[in-house]
Amino acid sequence: MRTSTRRSRRLSALAVAAALTTGLLAGCAEDSDDPSGSNEGGGNANGKTTLTVGTFGVFGYKQAGLYDEYMKLHPDITIKENVTTRTDVYWPKTLTRLQAGSGTDDIQAIEVGNVTEAVQTQGDKFVDLGKDVDKSQWLDWKNAQATTADGKLIGLGTDIGPMAICYRKDLFQKAGLETDRTKLAEQWKGDWGKYVDLGKQYMEKAPKGTKFVDSASSVYNAVLNGESERYYDKDGNVVWDKSAGVKKAWNVSMEVATSDMSAKLKQFDKPWDQGYANGTFATVACPAWMIGYIQEKSGDSGKGKWDVAAAPTASNWGGSFIGVPTASKHQKEAVELAKWLTAPEQQAKVFAKQASFPSTPSAYSGLKPATETQAFFSDAPITEIFSASAETIPTQIFGVKDQPINTAINDIGILQVEQKGASPDEGWDAASEEIKDVLGQ
Amino acid sequence: MTSSKQALAHPASSAEAASGDEPGAAGGAHGRGTPPPGTTSWRSRLYRWDMKASPYAFIAPFFIVFGAFSLVPLLYTAWYSLHNVQLSDLDNQKWAGLDNYQNLLSSDFFWNALGNTFTIGVISTVPQLMMAIGLAHLLNYRLRGSTVWRVVMLTPYATSVAAATLVFVLLYSWDGGAINWALGGIGIDPVNWRESDWGSQFAVSSIVIWRWTGYNALIYLAAMQAIPSDLYESASIDGANRWQQFIHVTIPQLRPTILFTVVVSTIGATQLFGEPLLFGGVSGSKGGSDHQYQTLGLYMYDQGWIIGNLGKASAIAWSMFLILVIVAVINLVFTRRLRKSQ
């Protein structure tokens with residue numbers, strides 16, 4: 000009797016332990032198998048195929064209602080978006096999954112800063128999209144960025160980042176500066192130095208608590224992205240310390256960092272967001288994708304006060320691609336979706352919602368931003384300004400470690416000068432040290 | 000033959016076994032309380048098996064999971080640390096010997112991170128534990144609604160690192176943060192909490208202190224309540240006041256607990272990662288523009304996942320492991336001494 004109760008108790012304990020372990024294992028299995036598991040045999044219980052789209056940040060597809068539209072057109076397809084907001088989390092995760100050959104989404108977004116790394120190291124992990132699409136839809140340089148040495152197109156261009164200057168008309172007026180967007184653009188045309196000079200003028204009569212620009216980094220990136228040679232030369236050698244483009248951008252940004260015209264904020268940080276809401280800076284280098292961001296962060300307080308003027312030089316900041324990993328179990332369906340999402344008509348729809356600028360020129364004629372956006376930016380002809388910039392953007396050369404090098408210069412070099420009061424030479428040296436570490440030298 | 004063997008194996012039952020004519024095995028078995036011979040059915044064998052095997056079955060889940068998710072990665076990391084591996088090209092591993100470790104020893108960034116880990120560890124652990132003892136001492140008095148106080152103490156610990164850090168980032172914000180605003184109120188210039196060397200380390204430490212003080216206080220409180228009250232009684236008969244009782248009764252009695260919390264906090268401080276990462280905001284893995292609060296954990300993350308140099312990151316991981324082993328050894332020596340002195 001006693002033994003039997005003891006044994007039964009032991010048995011039940013064993014059962015609990017077993018249940019826990021299986022539960023644990025099932026949990027794991029569910030986790031890793033979910034995307035592919037539901038794909039087994041081409042569909043789930045409802046006979047539907049689930050396609051997953053992995054992105055970082057806001058791509059505007061969901062916002063512009065593209066997923067819903069596609070699902071209506073294709074009743075057998077369900078689309079799920081997996082967003083990882085931080086790029087520095089998204090990309091390493093995607094890299095490891097690509098190489099493991101599992102866990103990837105059916106469509107993966109690739110940022111322009113990472114696309115060279117993807118082309119050079121992950122070429123065989125992506126489906127060649129070149130055969131399935133009409134490549135002439137895209138800007139040539141956009142295609143070139145995602146094409147491997149043997150001519151494989153691993154990603155379709157989504158948006159690009161033609162740049163303008165967004166400025167607070169009301170603050171300019173208070174500081175006694177020109178407020179008309181065409182005349183302003185004329186004043187700084189062709190030379191970022193003139194833009195900095197205007198900043199000095201602004202600071203003489205600046206409204207209390209405001210600065211001319213959000214950060215020296217913003218100016219650095221704006222200038223650098225107008226240069227074709229950045230950190231690598233076209234043979235793939237690292238030339239960051241000799242590059243004329245880097246030097247030019249560095250010098251202009253140093254002029255900003257050592258003056259008092261910068262609000263000294265770090266882009267995409269919380270205080271930067273607050274800077275928009277509180278109107279603490281008067282200008283910001285403004286790639287097309289920034290339009291939506293400003294609108295969101297400034298809220299009603301900025302409505303009608305912002306305006307857009309052409310930047311001193313045409314440049315491209317950012318933009319992405321979407322590719323289909325070979326690990327996807329639904330390559331055919333995923334390629335179809337990727338084609339559809341990046342087609343000119345859809346890119347125009349995203350622009351209408353999010354102002355992300357299309358990488359397909361045939362979309363340009365019909366571009367129309369949302370009336371809301373237009374009102375927010377004082378009825379500026381956003382479409383024309385960005386189109387004009389897009390047409391003269393130089394082809395930029397990227398390299399494998401572009402992203403970490405850029406981070407080193409911005410978040411070590413420039414930040415030290417701007418926030419810690421280091422001299423420009425000290426800042427440059429610190430960035431050099433960092434880049435040596437990045438390159439493993 | 001049999002009986003002598005039995006006698007060797009079971010000296011206690013040897014007399015009984017030697018005196019009787021019965022086979023020794025029976026006597027020996029009797030002595031151990033197992034069923035007598037002849038009835039050795041599959042049932043009793045099963046029972047014996049059950050006795051032997053069940054504990055292993057029960058502990059197996061932990062060890063299987065530990066093996067799969069801790070031991071294998073640990074060894075794999077060691078393998079990686081001896082190779083040149085890039086995150087973007089995992090299959091291409093070039094043997095590098097101890098290059099990665101040599102590289103670390105000659106790297107300013109590594110020593111800087113090690114130093115930061117140490118200083119942040121000290122300025123977060125020391126005040127934290129001292130405050131925790133003080134709080135525990137206060138909570139040990141008879142209080143109205145003592146459970147409420149104890150629950151409140153534990154709340155910061157239950158908050159996620161991310162949520163807590165985000166709030167602290169706003170508080171420490173250089174431009175318009177509550178702390179600089181308060182400092183301004185008493186005439187002190189605003190401090191750039193994120194970019195100044197000591198300011199940033201202090202700020203990171205304060206997040207750690209805020210989160211862990213209550214947790215440690217509750218551990219101390221539990222230990223305090225286990226101290227026999229007659230010790231206090233006799234102390235008060237001897238004329239010791241509250242403070243003297245605290246110093247001469249409470250603290251010595253708490254010694255093993257204090258040691259435990261010191262060890263746990265030291266391990267936590269060595270692995271400090273989430274707070275500085277999130278405190279840094281975008282590109283937080285750099286630990287500030289001058290790496291002024293880059294801890295070893297952050298440096299490892301930066302090397303491995305941002306820069307993509309997995310070999311070097313693995314070497315950092317193993318260095319951290321070795322540092323923790325050293326900490327454990329020092330702890331062992333201290334514990335031994337403590338035991339001897341008692």
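Sequences listed follow chains A and B, in order.
Per numbering that gives the first Met the number 0, the first sequence starts with residue 0, numbered consecutively.
Per numbering that gives the first Met the number 0, the second sequence starts with residue 0, numbered consecutively.
Using N, Cα and C, we set each Cβ at its ideal position, and we do this for glycine too.
Distance check for residue j and residue i, CA to CA, integer angstroms please.
| i | j | result |
| --- | --- | --- |
| W78 of chain B | K151 of chain A | 34 Å |
| E110 of chain A | T325 of chain A | 19 Å |
| F109 of chain B | L65 of chain A | 48 Å |
| K328 of chain A | D67 of chain A | 22 Å |
| E344 of chain A | G66 of chain B | 53 Å |
| G322 of chain A | P91 of chain A | 16 Å |
| I266 of chain B | I322 of chain B | 10 Å |
| Q357 of chain B | A161 of chain B | There is simply no residue 357 of chain B to check, as chain B begins at 0 and stops at 341 in what is shown. |
| G420 of chain A | K130 of chain A | 54 Å |
| G59 of chain A | G279 of chain B | 28 Å |
| K265 of chain A | S297 of chain A | 16 Å |
| S145 of chain B | F171 of chain A | 59 Å |
| V132 of chain A | S364 of chain A | 21 Å |
| L331 of chain B | A337 of chain A | 60 Å |
| V328 of chain B | L337 of chain B | 14 Å |
| D139 of chain A | T76 of chain B | 43 Å |
| P360 of chain A | A347 of chain A | 10 Å |
| M129 of chain B | I63 of chain B | 39 Å |
| I315 of chain B | Y100 of chain B | 8 Å |
| T257 of chain A | Q62 of chain A | 40 Å |
| K445 of chain A | Y230 of chain A | The question about residue 445 of chain A has no answer, for chain A in this structure spans 0 to 440. |
| G156 of chain A | K168 of chain A | 34 Å |
| K285 of chain B | D149 of chain A | 36 Å |
| Q121 of chain A | D88 of chain B | 8 Å |
Looking at the strands, I want to know which residues DSSP matches up with residue i.
| i | result |
| --- | --- |
| S135 of chain A | For S135 of chain A, which the question treats as bridged, DSSP gives no partner whatsoever. |
| M253 of chain A | DSSP, once it has assigned bridges, lists no residue as partnering M253 of chain A. |
| S261 of chain A | A:V212 |
| F333 of chain B | In DSSP, F333 of chain B forms no bridge with anything. |
| A163 of chain A | A:C285 and A:A309 |
| N83 of chain B | B:K93 |
| I106 of chain A | A:V52 |
| G156 of chain A | A:F320 |
| K79 of chain A | A:T51 |
| T146 of chain A | A:L152 |
| D88 of chain B | B:Q85 |
| F125 of chain A | A:P324 |
| V326 of chain B | The partner list for V326 of chain B (beta bridge, DSSP) is empty, contrary to what the question assumes. |
Give me the chain A residues within the contact set of residue i, using Cβ-Cβ distance strictly less than 7 Å, ordered along the chain.
| i | result |
| --- | --- |
| W304 of chain B | P91 |
| D98 of chain B | Residues of chain A passing the Cβ test: none, with the nearest at roughly 10 Å. |
| N191 of chain B | Q418 |
| S172 of chain B | P270 |
Please list, in chain order, the chain C residues whose beta carbon lies closer than 9 Å to that of residue i.
| i | result |
| --- | --- |
| L169 of chain B | Here the protein chains are A and B, and chain C is not one of them. |
What in chain B is Cβ-close to residue i, meaning under 7 Å?
| i | result |
| --- | --- |
| G439 of chain A | N308 |
| I411 of chain A | K285 and S288 |
| L94 of chain A | L86 and S87 |
Mind pulling the chain A residues with CB within less than 9 Å of residue i?
| i | result |
| --- | --- |
| D90 of chain B | Q98 |
| F108 of chain B | E432, E433 and D436 |
Please compile the residues from chain B whose C-beta is within a distance smaller than 9 Å of the C-beta of residue i.
| i | result |
| --- | --- |
| G415 of chain A | Here residue 415 of chain A is Gln; the residue named in the question, Gly, does not match the sequence. Going along chain B in sequence order, the residues near Q415 of chain A (Cβ under 9 Å) are E194, S288 and D289. |
| D441 of chain A | With chain A represented from 0 up to 440, any question about residue 441 of chain A goes unanswered, as that position is not in the structure. |
| D87 of chain A | V281, S282, G283, S284, W304 and I305 |
Which chain A residues are close to residue i, counting only those with a beta carbon under 8 Å from its beta carbon?
| i | result |
| --- | --- |
| S40 of chain B | Simply none; closest approach about 14 Å. |
Worksheet item: Along the segment 258-269 of chain A, what residues have a CB closer than 9 Å to any CB found in chain B?
Response: Residues A262, K263, L264, K265, Q266, F267, D268 and K269.
Worksheet item: Any residues in the segment 114-127 of chain A with a beta carbon nearer than 9 Å to a beta carbon of chain B? Which ones, in chain order?
Response: If the cut-off is 9 Å between Cβ atoms, the segment 114-127 of chain A has E116, A117, Q119, T120 and Q121 near chain B.
Practice prompt. Could you pull out every unbroken alpha helix (DSSP H) segment of at least 4 residues lying fully inside the segment 200-229 of chain A, listed in chain order?
Written response: Counting whole runs of 4 or more residues, the segment 200-229 of chain A contains the alpha helix (DSSP H) stretches 215-223.
Fill in: Secondary structure, beta strand (DSSP E): runs of 3+ residues fully inside the segment 278-366 of chain A
Restricting attention to beta strand (DSSP E) runs no shorter than 3 residues, the segment 278-366 of chain A encloses them at 280-286, 305-309 and 315-322, ordered along the chain.
Worksheet item: Relative to chain B, which residues along the segment 388-409 of chain A have a C-beta separation below 9 Å, given in chain order?
Response: For the segment 388-409 of chain A, the beta-carbon criterion of a distance under 9 Å to any beta-carbon of chain B is satisfied by V399, K400, Q402, P403, T406, A407 and N409.
Worksheet item: In chain order, what residues of the segment 422-437 of chain A put their CB closer than 9 Å to some CB of chain B?
Response: Of all residues in the segment 422-437 of chain A, the ones placed with a Cβ closer than 9 Å to any Cβ belonging to chain B are G426, A429, E432, E433, D436 and V437, in chain order.
Worksheet item: For the segment 231-246 of chain B, which residues have a beta carbon sitting closer than 8 Å to at least one beta carbon of chain A?
Response: From the segment 231-246 of chain B, no residue has a Cβ closer than 8 Å to chain A.
Discussion item. Closer than 7 Å between beta carbons: that is the criterion. Which residues of the segment 279-298 of chain B meet it against chain A?
Written reply: So the close ones are G280, V281, S282, K285, S288 and D289.
Fill in: Residues of the segment 179-208 of chain A whose Cβ lies closer than 8 Å to any Cβ of chain B, in chain order
Taken residue by residue, none of the segment 179-208 of chain A has a beta-carbon sitting less than 8 Å from a beta-carbon on chain B.
Item to complete: Return the chain-ordered ranges of every alpha helix (DSSP H) run that is complete within the segment 116-172 of chain B and spans a minimum of 4 residues.
Response: DSSP runs (the alpha helix (DSSP H)) wholly in the segment 116-172 of chain B: 145-157 and 160-170.
Discussion item. Give me the subset of the segment 114-138 of chain B whose CB atoms are less than 8 Å from a CB atom of chain A, sorted by chain position.
Written reply: From the segment 114-138 of chain B, no residue has a Cβ closer than 8 Å to chain A.
Practice prompt. Kindly provide the ranges of any alpha helix (DSSP H) runs that are 4 or more residues long and lie completely inside the segment 170-210 of chain B, ordered along the chain.
Written response: The segment 170-210 of chain B contains these whole alpha helix (DSSP H) runs: 177-184.
Practice prompt. Return the residues of the segment 72-86 of chain B that lie within a Cβ-Cβ distance of less than 7 Å from chain A, sorted by chain order.
Written response: Residues passing the 7 Å Cβ filter: L86.
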